[in-house]
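> Under the working numbering, the residue at position 44 of the sequence shown is numbered 45, and the numbers go up by one with no gaps.
All C-beta atoms, glycine included, are put in the ideal place defined by N, C-alpha and C.
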Amino acid sequence: MYVISVNYKKAPLEIRSRFAFSKAEQEAFLDRCRQWPKMAHSVILSTCNRMELYTQFPEEEEAKKDTDSAQNRWDIMEEAVCRAKGIPLELCRKYGNRYCGEGALVHLHRVASGVDSMVMGEDEILGQVKDAYYRSMEAGCTDFALNTIFKSAITCAKKIKTDTSLSKTSVSVATLAAGRIHEFMRQNNLGSARVMIIGMTGSTGSTVMKNIRGRRGISIVGTSRRHNADGQVIHVEGASMVAYERRYEVMGSCDVIVSATGSPHYTVTYEAWKKAREDAESRREAPQQVLWLDLSVPADIDKNVARYGTLYQMDYFSSLARTNNEKKQQARQSAEHMIEQQIDTLKKELLFHRILPAIPQMKEAAVSLRFEQILYRVRDETAYEEMRGFFTALRKVLEEGER
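#1: Within the same chain, show all residues whose beta-carbon is closer than 7 Å to that of Arg74, passing over the 5 residues directly before and after it, in chain order.
#2: If contact is defined by three or more beta carbon pairs under 8 Å, each pair taking one atom from either stretch, is the stretch 77–91 in contact with the stretch 130–137?
#3: Restricting to Cα atoms, I'd like to know which of Arg389, Ile302, Ser137 is closest to Phe151.
#4: Which class does Ser114 belong to by DSSP, given the choice of helix, strand or coil?
#5: Go ahead and pull the three-state DSSP assignment for Cys49.
#6: How many angstroms separate the CA atom of Ile182 from the CA atom of Tyr134?
#7: I need the DSSP call for Ser23, collapsed to helix, strand or coil.
#8: Have a look at Leu312, Ile198, Arg217, Glu279 and flag the residue whose alpha-carbon is nearest the alpha-carbon of Ala240.
#9: Do Thr202 and Ser225 have their C-beta atoms closer together than 8 Å?
#10: With a cut-off of 8 Å, do at least 3 Cβ pairs link the stretch 111–125 to the stretch 21–39?
#11: Could you say which of His42, Ala21, Ile88, His266 lies nearest to Glu53 if we only look at CA atoms?
#12: Could I get the ranges of all uninterrupted beta strand (DSSP E) runs contained in the stretch 169–203, with 3 residues as the minimum, in chain order?
#13: Does DSSP put Gly223 in a helix, a strand or coil?
#14: I need the DSSP call for Ile88, collapsed to helix, strand or coil.
#15: Could you name the residues of the same chain whose beta carbon sits closer than 6 Å to that of Thr324, not counting the 5 residues immediately before and after it, in chain order?
#16: Could you check where the alpha helix (DSSP H) with Leu335 kicks off and where it finishes?
#17: Quick check: what's the CA-CA separation for Ser6 versus Arg99?
#18: If I follow the unbroken alpha helix (DSSP H) through Trp274, where does it start and stop?
#19: For the beta strand (DSSP E) that contains Arg216, what are its first and last residues?
#20: Report the rounded CA-to-CA distance for Gly97 versus Arg371, giving the unit in angstroms.
#21: Quick one: grab the DSSP three-state call for Ser70.
#22: Is the number of C-beta pairs between the stretch 291–303 and the stretch 172–181 that are closer than 8 Å three or more?
#23: Going by C-alpha distance, which of Glu401, Asp164, Leu14 is nearest Gln331?
#24: Relative to the alpha-carbon of Ser168, which residue among Ser335, Glu386, Tyr385, Asn50 has its alpha-carbon at the smallest distance?
#25: For Met119, I'd like the list of residues in its chain whose CB is within less than 8 Å of its CB, leaving aside the five on either flank, ordered along the chain.
#26: Leaving out five residues before and five after His42 in sequence, what residues of the same chain have Cβ atoms less than 7 Å from its Cβ?
#27: Take Ala64 and list the residues in its own chain whose beta-carbon comes closer than 7 Å to its own, dropping the five residues that flank it on each side.
#28: To the nearest angstrom, how far is it from the Cα of Glu91 to the Cα of Met40?
#29: Using three-state DSSP, classify Thr156 as helix, strand or coil.
#30: What whole-angstrom Cβ distance do Val306 and Tyr271 have, given they're in contact under 8 Å?
#31: List the residues that DSSP assigns as beta-bridge partners of Arg99.
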């Protein structure tokens, strides 16, 4: 498997924004991959902090993983991504990371478990990895290897979440945002606050809502482009919902505006906000201080709205995340060890699947050899560590007998 990754570690927000794929763009990209034999088996992951492409090339064999082959395959992947987004290839090579073979397997498992996240141990990433995998599977873009690899990563991430403290008292961008709202109220001595969440029904928006719902003095207004079959706005317990198209009608009277969507366009523009603010002022409903939290990549909120308050974008949360990450180093070590064990199991499963078709032939050839002959041939044909591993496993199997 090969991976290219543009993430928060090397790429600033404005670069990550250019590489972000909306859901519709991901589906279109997978459709093109399916029709192109070289990239027919691919999974694309696009979140606030990373864009990653995982590809299992045909004819993949250990013997063919030389430097030139790897370079050619990464080039193919980078060109496909940059062509889809209309981005110069140089940007991907400047800000991207590359992985293949075992390095790619380890990287995916670290991503899925939250070890590689900006906010270590965050909960959202596992769901995002699952969504990306299921979307690719439904598009017909996965094979045995990709299915096995992603199922392994998802299983490992769940085990890490259960057996370590990496996700205990879990924080994510959404929970950090909720904490910022609470701090905003305290600093401004607000006994009550009206909070609008644009993208309420999405993963990040719903997490923000859950973390502030029920706090005394907070009332929540949510928006969503999704509607019920009868065209009515979807109901969300604990919040009053308005149609996305009517968001500006109530936005001017809100103390806090959070936007967390996958939209490629602004959900809040400066001119429309300015008019909404003026309308609220005429009704004497405009708050003195306004907090803006933009939790999207690309950015949802026109940065000029900061003239009317304080705007925090995704990169602001990186400093908060570092503090959280420092506290979780011990749990991280346990998670890394679990990933190492899972990768060993995964590699054996992939190898066994590769040699499975040859087993009948091997069995037939073994009939003509005595047991001792097989052992001596193994001794002569393998390196020390291989021989040691073989005999250790053989002894264990013979001692246990039939199960």
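So, from the data block:
#1: Within the same chain, Cβ atoms closer than 7 Å to the Cβ of Arg74 are found at Tyr3, Phe58, the five residues on either side in sequence being excluded.
#2: Segment contact: the stretch 130–137 against the stretch 77–91, fewer than three CB-CB distances shorter than 8 Å; contact not assigned.
#3: The shortest Cα separation from Phe151 among Arg389, Ile302, Ser137 belongs to Ser137.
#4: Helix.
#5: Residue state, collapsed to three classes: coil.
#6: When the Cα atoms are used, Ile182 and Tyr134 turn out to be separated by approximately 33 Å.
#7: DSSP, reduced to helix, strand and coil, places Ser23 outside both helices and strands of the structure shown, so it counts as coil.
#8: Answer by Cα proximity: Ile198.
#9: Yes, these two residues count as a Cβ contact at 8 Å.
#10: Contact between the stretch 111–125 and the stretch 21–39 is absent, because fewer than three Cβ pairs lie under 8 Å.
#11: Measuring from the Cα of Glu53, the nearest candidate turns out to be Ala21.
#12: Look at the stretch 169–203 and you find these whole runs of beta strand (DSSP E), each 3 residues long or longer: 194–199.
#13: It is a strand residue.
#14: Ile88 falls in the coil class under three-state DSSP.
#15: Contacts found: none.
#16: Position check: residue 335 holds Ser in this sequence, whereas Leu was assumed. DSSP places Ser335 in the uninterrupted alpha helix (DSSP H) bounded by 330–356.
#17: Their backbone Cα atoms lie some 6 Å apart in a straight line.
#18: Its alpha helix (DSSP H) spans residues 271–283.
#19: Here Arg216 belongs to no beta strand (DSSP E), and DSSP marks it neither H nor E.
#20: Roughly 54 Å between the two C-alpha positions.
#21: DSSP places Ser70 within a helical segment (H, G or I) once states are collapsed to three.
#22: Cβ pair count under 8 Å is three or more, so yes.
#23: It is Asp164.
#24: Nearest of Ser335, Glu386, Tyr385, Asn50 to Ser168, Cα basis: Ser335.
#25: The beta carbon of Met119 is closer than 8 Å to those of Tyr9, Asn50, Val174, Phe318, Ser319, Ala322 in its chain, skipping five residues each way along the sequence.
#26: So the qualifying residues of the chain are Thr56, Gln57, Cys142, Thr143, Asp144, Leu147.
#27: Any reading at Ala64 needs caution, since the residue's pLDDT is 40, under 50, leaving its predicted position unreliable; the model's value is listed next. Non-local C-beta neighbours of Ala64 in its own chain, meaning closer than 7 Å and more than five positions away in sequence, are absent.
#28: A straight-line Cα-Cα distance of about 21 Å links Glu91 and Met40.
#29: Thr156: helix per DSSP, three-state reduction.
#30: Right, their Cβ atoms sit about 6 Å apart.
#31: In the DSSP output, where bridge partners are listed per residue, Arg99 has Ile5.
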